[in-house]
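Counting the sequence shown from 1 gives a position; the numbering used here is that position plus 267.
Below is one structure, written out as structure tokens; comments come after it.
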Amino acid sequence: MNRHVWNPPAAPEGAHGATPGSGVDVRIAPSILSADFARLGEEVRAIEAAGAALVHFDVMDNHYVPNLTIGPLVCEAIRPHVSIPIDVHLMVEPVDALIPMFAKAGADIITFHPEASRHVDRTLALIREHGCKAGLVLNPATPTHWLDHTLDKLDMVLLMSVNPGFGGQRFIPGTLAKLRDVRERIDVHRATGGQPVWLEVDGGVKTDNIAAIARAGADTFVAGSAVFGAPDAPEAGGGYHGVMQRLRDQAAAGMRHDRPQIPEDDFKPIYDKTTGDASCHSTSARP
Ligand code: DX5
Ligand code: ZN
268 MNRHVWNPPA APEGAHGATP GSGVDVRIAP SILSADFARL GEEVRAIEAA
318 GAALVHFDVM DNHYVPNLTI GPLVCEAIRP HVSIPIDVHL MVEPVDALIP
368 MFAKAGADII TFHPEASRHV DRTLALIREH GCKAGLVLNP ATPTHWLDHT
418 LDKLDMVLLM SVNPGFGGQR FIPGTLAKLR DVRERIDVHR ATGGQPVWLE
468 VDGGVKTDNI AAIARAGADT FVAGSAVFGA PDAPEAGGGY HGVMQRLRDQ
518 AAAGMRHDRP QIPEDDFKPI YDKTTGDASC HSTSARP
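Structure, rendered in structure tokens:
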């Protein structure tokens with residue numbers, strides 16, 4: 268089932284990831300774990316309006332992690348509210364049975380923790396067969412050697428900068444060295460003809476540390492409590508424009524401009540809000 272258009276379009280300037288004039292992409296992915304669940308549709312529309320590149324969707328199962336959150340039904344419910352991709356972070360074990368369900372529910376990116384899957388290569392293939400982009404998530408103590416035989420099959424590497432399970436934790440500083448390591452691996456991979464791989468970081472990302480995190484090599488930044496805990500003043504409309512702009516500006520300031528620029532590899536919004544059509548066809552082959 269290939270539901271998505273794969274062709275990467277240029278991102279509009281100043282929104283959904285592009286930083287005007289910087290020449291580098293900054294993608295902010297607000298985690299709805301910290302949103303008001305009673306107003307989820309409104310919350311995701313607000314973050315899209317504020318320039319979010321992705322909706323980060325944290326799935327916890329009270330087994331792989333000691334918390335329980337949201338599943339495919341909630342993904343399906345928010346899908347019509349936004350055009351930006353939904354970035355589903357599976358903190359579940361086992362993984363595979365949920366992949367078709369999330370693909371059907373409108374997920375665009377599905378990431379999972381490799382130690383939670385018996386057959387990592389098979390799980391990655393399953394995600395792509397269902398028309399989604401695929402990523403591996405590495406916990407703070409999970410070694411990067413999981414990338415040795417998978418990098419050519421990944422669209423995203425997600426480095427956890429907290430132990431998964433809860434929002435609002437403190438950023439673990441050792442993640443910076445790990446980011447530099449993975450950044451280098453991805454740059455070498457790209458320079459030798461490999462496909463684009465986004466480098467996302469998740470946990471404790473704030474306006475006062477995002478520049479250092481960007482400098483270490485991340486290009487995609489999950490931020491939960493930092494975004495949803497800092498709404499605009501009611502007289503300013505109560506959205507998230509202020510904090511999202513500060514996060515983008517700070518991240519762009521930290522970005523290394525000496526890095527080789529790579530071709531635009533942004534996502535095409537796949538959900539057409541006007542028609543409700545989520546059944547696009549893949550227009551190019553996947554690796
Ligand atoms: C943690 C989740 C994160 C978390 C981020 O297990 O994967 O996405 O919600 O929240 P903050 O930004 O508050 O650390
Ligand atoms: Zn997450």
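The C-beta atom is built at its ideal place from N, Cα and C for all residues, glycine as well.
Note that the structure is predicted; figures quoted are calculated from it, not measured.
When distances are taken from the beta-carbon of residue 407 to the heavy atoms of the ligand DX5, even the shortest one reaches 6 Å or more.
Burial is judged here by how many other beta carbons sit within 10 angstroms of a residue's own beta carbon; residue 386 has fewer than 16 and is exposed.
Per DSSP, residue 508 lies in no beta strand (DSSP E) segment; the continuous alpha helix (DSSP H) that holds it begins and ends at 508-521.
Counting along the chain, residue 396 sits inside the alpha helix (DSSP H) bounded by residues 387-396.
Burial is judged here by how many other beta carbons sit within 10 angstroms of a residue's own beta carbon; residue 412 has fewer than 16 and is exposed. With the criterion CB distance below 6 Å from any heavy atom of the ligand ZN, the matching residues run 298, 323, 325, 356, 469 and 489 along the chain.
Residue 431 has its CB nearer than 6 Å to a heavy atom of the ligand DX5.
The beta-carbon distance between residue 391 and residue 417, rounded to whole angstroms, is 7 Å. This is short enough to meet the 8 Å contact definition. Per DSSP, reduced to three states, the secondary structure at residue 437 is coil, with no helix or strand assignment. Cβ contact annotation for residue 382 (same chain, cutoff 6 Å, sequence separation greater than five): none. Residue 466: member of the beta strand (DSSP E) spanning 465-469, first to last residue.
Taking 7 Å as the cut-off, the beta carbon of residue 423 is found no closer than this to the beta carbon of residue 398. Linking residue 343 to residue 321 through their CA atoms gives a straight-line distance of about 15 Å. Here residue 473 carries a coil assignment [DSSP, helix/strand/coil].
The stretch 298-305 makes no contact with the stretch 357-375: fewer than 3 CB pairs, one atom from each, lie closer than 8 Å. Short of 7 Å from the beta carbon of residue 507, and not among the five residues preceding or following it, lie these beta carbons of its own chain, in chain order: 313, 314, 317, 494, 498 and 499. DSSP places residue 421 in the coil class of the three-state scheme, outside both helix and strand. Of the residues assessed, residue 329 falls on the exposed side of the cut-off, its CB having fewer than 16 other CB atoms within 10 angstroms.
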